[in-house]
Amino acid sequence: MALYTNGELIDRLAEAHFLKKEEYLQLLRHMTDQEREMLQEKARRVRESHYGKKVFIRGLIEFTNYCKNNCLYCGIRRDNANVMRYRLTEEEILLCVEEGYGLGFRTFVLQGGEDGFFTAEKLGRLILEIKARHGDCAVTLSVGEHPREVYRYWHDCGADRYLLRHETASRDHYEMLHPRQMCFSRRMECLYDLKEIGYQVGAGFMVGSPGQTLECIGEDLVFLKELDPHMVGIGPFIPQRDTPLGDRPAGTLDQTLVLLSLIRLMLPKVLLPATTALGTIHPRGRELGILAGANVVMPNLSPVSVRDQYRLYDNKICTGEESAQCRECLNARMESIGYQVVAERGDYAGFSSER
Ligand code: 5AD
Ligand code: FES
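Numbering (this note's numbering), first residue to last: 1497 to 1851.
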C-alpha cells in the first residue's frame, strides 16, 4: 500500500516543489486520467503565475552538423556516413540572425555538433558580433562539452545561456547510450561549471530512450532538482535509422507530457520548451506541451537548404518551411490554445541580464 495517494503527492509537489524519488516513481507508474488532468491543471497554474500566457520563442540556428562524438542515438554521430556534412559560414549565420530579428526573435540559439573547426576564438567572434548588432538579444550556446576556460571566454564575449542536456542521470544508462570515450562525470562537471560561471543553464534528457527505466527517470528528476537549472529540455527519443538504436521504439506523448508537468511543479520558474521532437511524434505535440506546463518553443532559423541535414532523428518537422512560415504557424498554433508568442528575450523570471 502506498503511503500517499497520487492526488496527495501532486498537491504536495505543487506546494513544496519537491518529492522523494520513490514518490516520483509512484506517479510515473500509474495515474488515472483524472489525476493527469489535475497534474496538468496545477502545472499550468504555476506557469501562468510566473509567465502568464506568454510563450517565448528561441531562434535555433543549427550551424554545423560535424561532430566528433558518436552517441548511439544521434543522427549526426561521427560514424554516420549517410549525412551530408555542412557548416554555415559566419555570414550565413549572421543572415539567419538578421532574418530572425526581423521576425521578432530576441534569443538566438547557436547549436551544433562538437566541431573543432569552430574554435573558441571563431565562436567568440561570432558571439561578439551578434551582441554588437543586437544588444537587446540573448545568445544561447548549445555546442557540447568544453573546458571551463572556454565556457568562461564565451560568457565574457557575451553569451547568456548554455544548453547541455545531461541525457540521463544514471551512470549505467549513460554508458549504454554513449561510447566509452564519453564520460558521465565530465558531463555533470560541465553543467556545474556553466552555472558557476553565470550562464542561465539548461539540462535535460530524452523520454523513452533505449534502456531508460522508471528508476532512471526518477534519478533524472532528483538530479534536476539538485542542479536547479534555469532551463530543462525534454522530448521523446525518436529513432534515427542510420544509428545503432535506429530500430528502437520512440518515447511516448503521454509520458513526455506528464514529465513536463512534474518538472514545472518541481522547478516553478523553469524555462521549459515544448520541443520539436514532441511536435514530431504528434501533430499537436507542441500545443499539448504548452498546455502541460511548457512555456518556450524553439523554431528553426537555419537556411532551408541545410535543414534536412541536421537530422538528429527521423521525420523531423519543419525541414521544408521557411523561417517566416514557422513563425506564422507557431503564432496560429499558440493562439489556438489561448497563448501568445512574444518578441522578448524571455529570461528566467527574476534573472538579471545586467553584468
Ligand atoms: N531523438 C530525440 N532526441 C535526440 N537528441 C539526439 N538524438 C535524438 C534522437 N534520436 C537530443 C539529445 C541532444 C539534443 C540536441 O537532441 O538529447 O542533447
Ligand atoms: Fe514550422 Fe509550423 S512551426 S511549419
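Glycine is no exception: its CB is placed at the ideal position from the N, C-alpha and C atoms.
- Fully contained in the region 1688-1737 are the following beta strand (DSSP E) runs of length 3 or more, in chain order: 1696-1703, 1727-1732.
- Within 8 Å of the C-beta of C1653 there is not a single heavy atom belonging to the ligand FES.
- The beta carbon of E1531 lies closer than 6 Å to those of N1502 in the same chain, with the five residues before and after it left out.
- Within 10 angstroms of the beta-carbon of D1656 lie 16 or more other beta-carbons, which makes it buried.
- For P1769, same chain residues with a beta-carbon under 7 Å away, outside a window of 5 residues either side, are G1729, A1790, V1792, V1793, M1794 in chain order.
- Per DSSP, the unbroken beta strand (DSSP E) holding G1608 starts and ends at 1603-1608.
- Within its own chain, the residues whose Cβ lies closer than 6 Å to the Cβ of R1543, once the five positions on either side in sequence are excluded, are R1760, G1789, N1791, listed in chain order.
- Secondary structure at A1498: coil, using DSSP grouped into helix, strand and coil.
- Per the DSSP secondary-structure output, Y1658 pairs in a beta bridge with L1637, V1697.
- DSSP, read as helix, strand or coil, puts N1827 in helix.
- A distance below 9 Å separates the beta carbons of V1800 and E1818.
- At a cut-off of 4 residues, the continuous stretches assigned as alpha helix (DSSP H) that sit fully inside the region 1499-1559 are 1502-1512, 1517-1525, 1529-1547.
- In this structure, A1773 lies near F1733, with their beta-carbon atoms less than 9 Å apart.
- Put simply, the backbone Cα of H1726 is about 25 Å away from that of E1518.
- Excluding the 5 residues flanking it on each side, R1803 has same chain C-beta neighbours closer than 7 Å at N1796, T1815, in chain order.
- Taking all protein chains shown into account, R1541 has fewer than 16 neighbouring C-beta atoms within 10 Å of its C-beta and is therefore exposed.
- Annotation: the continuous beta strand (DSSP E) that includes V1838 extends over 1836-1838.
- Between R1737 and G1781, the alpha-carbon positions lie close to 22 Å from each other.
- For C1686, the closest of E1663, F1514, I1626 by C-alpha to C-alpha distance is E1663.
- For E1663, the beta-bridge partners assigned by DSSP are F1701.
- Boundaries of the alpha helix (DSSP H) harbouring Q1751: 1749-1762, taken from the DSSP string.
- Short of 7 Å from the beta carbon of A1839, and not among the five residues preceding or following it, lie these beta carbons of its own chain, in chain order: G1600, R1602.
- For V1802, the enclosing alpha helix (DSSP H) has its first and last residue at 1800-1803.
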